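Residue numbers (the working numbering), protein chains in the order written: chain A, 1 to 261; chain B, 1 to 317.
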Ligand SMILES: Cc1cc2nc3c(=O)[nH]c(=O)nc-3n(C[C@H](O)[C@H](O)[C@H](O)COP(=O)(O)OP(=O)(O)OC[C@H]3O[C@@H](n4cnc5c(N)ncnc54)[C@H](O)[C@@H]3O)c2cc1C
Ligand SMILES: Nc1ncnc2c1ncn2[C@@H]1O[C@H](COP(=O)(O)O)[C@@H](O)[C@H]1O
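Now the structure itself:
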């Protein structure tokens, strides 16, 4: 039994940042990179299934990214995943979720997992594209924003809940193998232990090129292109300045006035 | 002439209001000779025709199938409509259902795709979609080179719902063959609120991840009580179990429907949090990061530490 979990290294911006010279992205000097928050939950969900299933279950972590994204893989391996796969080619530098999904589809064909988990969205762009695009390419059953999952390895269906608007959840069964995008809060992600972090360094990571997957660079096209990136107009917020005491005094005035106190 | 298509949605037989916002998004770029068709998949699609007969809609396509949400079926309908009509744009609301089917439909069509779109324009004859990036700190203009069809999911609460009444042509479409891999089994309603009424509260003090640790929550609970505010929170606080889910403001939590004053401390202002509160007239943001997107919707901003502000605030109540 094998579960494939796709993970992404996402970027948060420093308090101050500048755009790249071509105006199509933020200068990467201002990035703080980390494993996507949502992926902590999908990795955890896979590990829980593996632990319940016993030894012959395998959790494989996949990322599409340059060598800087190894950290994301190692973070997942340190939690207890078995091995990693990283695919990279310079032609992927501007890849959107659709292009990434095309690469991941080849990995799925190669690995033949019983389940694929992705995060519900990436915390940097919130596209929520990659997982369900992957399912579309594979022609696999799929469900997004899964907040509860009952699945026993080998079973040909899983029962899940999709988290909808306003806290409503839908209970659904889905045929397996399936691609599921995992929502925050589905479980309590573990932290890696020191031992886990040490072990992760020894775990096998396959580094693959597009060629290795039988893909040509011009076969991995995106469905969108960034024309420009820019700062949103500053809001109308009136800034309350001064010391914390002064700020709080002004805030208290505002509260009392608006509340008629 | 171009064909524009909106995929309207219903949940459990009830039309989703966001369908009207999506119609409005497309009418904003509709040219005089363009044709806008709205498709609805339902057990009784005719029941929704009137509500969808708003300004700008030329045709309602009624697909009689089931009220159950089946991503495979929706994808098949989208593929069939695209094959038939070669639309330039297909749009659907960026709701949780669309998360399941829109990207899958896009790869099946080999179309352009942009999700969570908050603005649309045409530049030199080309469609350009605007969305946010890096936790709402930047805006991105996106185009779709060489794509005949573009699929868009449209952010909710941005476009004013289409109104008025037209008399669109109503056509019926037989549901296409689809290998449906999911089965609807039922609903799980939100957990009991235990007396916490975010929807009814006029004054909310909300805390976000900036609160740092469970042990810090109590002092904000006390501050809220002393000020006469209801304590709200962002999602991570509820996910961590630091406060019951009923306190959560946002898309998957509560709408602060009656709120007049909303103080957000240590909340970054994600789109999902804003969903529940950005309409509030008086928003005060307290955040250490001057670039946090919560400031873009606030009326008053304090760049500062929520603990220091809270401690000082205690002296006034
Ligand atoms: C389908 C879906 C539904 C969702 N529904 C919701 C929802 O209903 N509600 C919701 O809130 N989220 C929801 N989310 C999650 C959402 O995407 C964000 O992850 C979440 O809103 C972030 O919460 P936050 O602002 O508290 O945390 P963060 O984004 O981590 O922000 C924390 C902020 O605190 C600031 N800060 C840190 N320390 C301090 C300090 N000492 N003083 C002052 N400021 C400080 C930081 O600068 C930062 O801006 C949903 C996500 C998905 C995918
Ligand atoms: N470059 C990538 N490599 C592997 N998985 C990815 C990549 N980008 C996105 N994903 C997966 O898709 C999920 C949703 O991301 P997105 O579609 O970018 O919102 C993430 O949580 C990952 O599981």
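Even glycine gets a Cβ: it sits at the ideal position worked out from N, Cα and C.
All values reported here derive from a predicted model rather than from experimental measurement.
Along the chain, where does the beta strand (DSSP E) that runs through residue i open and close?
i                      : result
residue 144 of chain B : Segment: none, residue 144 of chain B is in no beta strand (DSSP E) and carries neither H nor E.
residue 131 of chain B : 126 to 133
residue 300 of chain B : 300 to 303
residue 145 of chain A : 142 to 150
residue 232 of chain B : 230 to 233
residue 196 of chain A : First-last for residue 196 of chain A: 194 to 202, but that is the alpha helix (DSSP H), not the beta strand (DSSP E).
residue 206 of chain A : 205 to 208
residue 181 of chain A : 179 to 182
residue 206 of chain B : 203 to 207
residue 19 of chain A  : Careful: residue 19 of chain A lies outside any beta strand (DSSP E) and carries neither H nor E.
residue 114 of chain B : 112 to 117
residue 170 of chain B : 169 to 173
residue 34 of chain A  : 31 to 35
What first and last residue would you give for the alpha helix (DSSP H) that runs through residue i?
i                      : result
residue 247 of chain B : Here residue 247 of chain B belongs to no alpha helix (DSSP H), and DSSP marks it neither H nor E.
residue 102 of chain A : 97 to 111
residue 240 of chain A : Note, residue 240 of chain A: premise wrong, no alpha helix (DSSP H); not H, not E.
residue 184 of chain B : Residue 184 of chain B -> not in any alpha helix (DSSP H); beta strand (DSSP E) instead, spanning 182 to 188.
residue 77 of chain B  : 71 to 85
residue 96 of chain B  : 96 to 109
residue 226 of chain B : 217 to 227
residue 222 of chain A : It is not in any alpha helix (DSSP H) - residue 222 of chain A carries neither H nor E in the DSSP assignment.
residue 307 of chain B : 306 to 314
residue 84 of chain A  : Not the alpha helix (DSSP H): residue 84 of chain A falls in the beta strand (DSSP E), residues 83 to 87.
residue 26 of chain B  : 18 to 27
residue 132 of chain A : 130 to 138
residue 79 of chain A  : 70 to 79
CB-CB under 7 Å to residue i, same chain, minus the five flanking residues each way: which ones, in chain order?
i                      : result
residue 157 of chain A : 173, 174, 175, 176
residue 126 of chain A : none
residue 46 of chain B  : 62
residue 313 of chain B : 223
residue 90 of chain A  : none
residue 197 of chain A : 78
residue 141 of chain B : 128, 130
residue 161 of chain B : 17, 20, 21, 24
Indicate whether residue i and residue j have their beta-carbon atoms separated by less than 9 Å.
i                      : j                      : result
residue 52 of chain A  : residue 152 of chain A : yes
residue 302 of chain B : residue 267 of chain B : no
residue 25 of chain A  : residue 229 of chain A : yes
residue 50 of chain A  : residue 3 of chain A   : yes
residue 180 of chain A : residue 146 of chain A : yes
residue 1 of chain A   : residue 58 of chain A  : yes
residue 300 of chain B : residue 237 of chain A : yes
residue 31 of chain A  : residue 14 of chain A  : yes
residue 64 of chain B  : residue 176 of chain B : no
residue 149 of chain A : residue 108 of chain A : no
Can you list, in chain order, the residues of its chain whose CB lies under 8 Å from that of residue i, leaving out five sequence neighbours each side?
i                      : result
residue 149 of chain B : 82, 86, 87, 88, 89, 90, 109, 111, 112
residue 183 of chain A : 38, 41, 120, 145, 146, 147, 163
residue 35 of chain B  : 1, 2, 3, 4, 58, 59
residue 56 of chain A  : 1
residue 290 of chain B : 303
Spatial neighbours of residue i within its chain, please: C-beta separation below 6 Å, excluding the five flanking residues on both sides.
i                      : result
residue 43 of chain B  : 66, 67
residue 8 of chain A   : 36, 122
residue 277 of chain B : 249, 256, 262
residue 75 of chain A  : 35
residue 178 of chain B : 72, 73, 76
residue 128 of chain A : 121
residue 159 of chain A : 150, 173
residue 63 of chain A  : 7, 69, 72, 73, 86
I want to know whether the region 150 to 161 of chain B touches the region 93 to 113 of chain B - three or more CB-CB distances under 8 Å. Judged by Cβ distances under 8 Å, the region 150 to 161 of chain B makes contact with the region 93 to 113 of chain B, as three or more pairs qualify.
Taking Cβ-Cβ distances below 9 Å as the criterion, which residues of the region 223 to 246 of chain B are in contact with chain A? 227, 228, 229, 235, 236, 238, 239, 240, 241, 245, 246: these are the residues of the region 223 to 246 of chain B whose beta carbon lies less than 9 Å from some beta carbon of chain A, given in chain order.
Name the residues in the region 237 to 256 of chain A whose C-beta lies less than 9 Å from a C-beta of chain B; which are they? Residues passing the 9 Å Cβ filter: 237, 238, 239, 240, 241, 243, 244, 245, 246, 247, 248, 249, 250, 251, 252, 253, 254, 255, 256.
When you check each C-beta in the region 141 to 166 of chain A against every C-beta of chain B, which residues fall closer than 8 Å? Legend: CB atoms of the region 141 to 166 of chain A lying less than 8 Å from CB atoms of chain B belong to residues 141, 142, 143, 144, 145, 159, 161, 162, 163, 164, 165, 166.
Give the residues from the region 175 to 187 of chain B that approach chain A closer than 7 Å (Cβ to any Cβ), ordered along the chain. Against chain A - using a Cβ distance shorter than 7 Å - the residues of the region 175 to 187 of chain B are 181, 182, 183, 184, 185, 186, 187.
Tell me which residues of the region 113 to 128 of chain A have at least one Cβ-Cβ distance to chain B shorter than 9 Å, keeping chain order. From the region 113 to 128 of chain A, only 120, 121, 123, 124, 125, 126, 127, 128 have a Cβ closer than 9 Å to chain B.
Counting Cβ pairs closer than 8 Å, one from the region 235 to 248 of chain A and one from the region 304 to 317 of chain B, do we hit at least three? Because the criterion of three Cβ pairs below 8 Å is met, the region 235 to 248 of chain A and the region 304 to 317 of chain B touch.
Just checking, does the region 215 to 229 of chain A make contact with the region 275 to 291 of chain B on the three C-beta pairs under 8 Å criterion? Judged by Cβ distances under 8 Å, the region 215 to 229 of chain A makes no contact with the region 275 to 291 of chain B, as fewer than three pairs qualify.
Is the region 107 to 114 of chain A in contact with the region 123 to 137 of chain B, if contact means three or more CB pairs nearer than 8 Å? No, the region 107 to 114 of chain A is not in contact with the region 123 to 137 of chain B.
Touching or not, the region 131 to 140 of chain B and the region 160 to 178 of chain B, by the rule of three or more beta carbon pairs under 8 Å? Between the region 131 to 140 of chain B and the region 160 to 178 of chain B there are fewer than three inter-stretch CB-CB distances shorter than 8 Å, so the stretches are not counted as touching.
Residues in the region 289 to 300 of chain B with C-beta within 7 Å of chain A's C-beta atoms, listed in sequence order? So the list reads 289, 290, 291, 295, 296, 297, 298, 299, 300, given in the order they occur along the chain.
When you check each C-beta in the region 249 to 260 of chain B against every C-beta of chain A, which residues fall closer than 8 Å? Cβ contacts with chain A come from 251, 252, 253, 254, 255, 260.
Closer than 7 Å, Cβ to Cβ, to anything on chain A: give me those residues from the region 127 to 144 of chain B, in chain order. Of all residues in the region 127 to 144 of chain B, those with a C-beta nearer than 7 Å to a C-beta of chain A are 128, 133, 134, 135, 137, 138, 139, 140, 141, 142, 143, 144, reading in chain order.
Are the region 211 to 228 of chain B and the region 190 to 201 of chain B touching, with three or more C-beta to C-beta distances below 8 Å? At 8 Å Cβ cutoff, the stretches do not touch.
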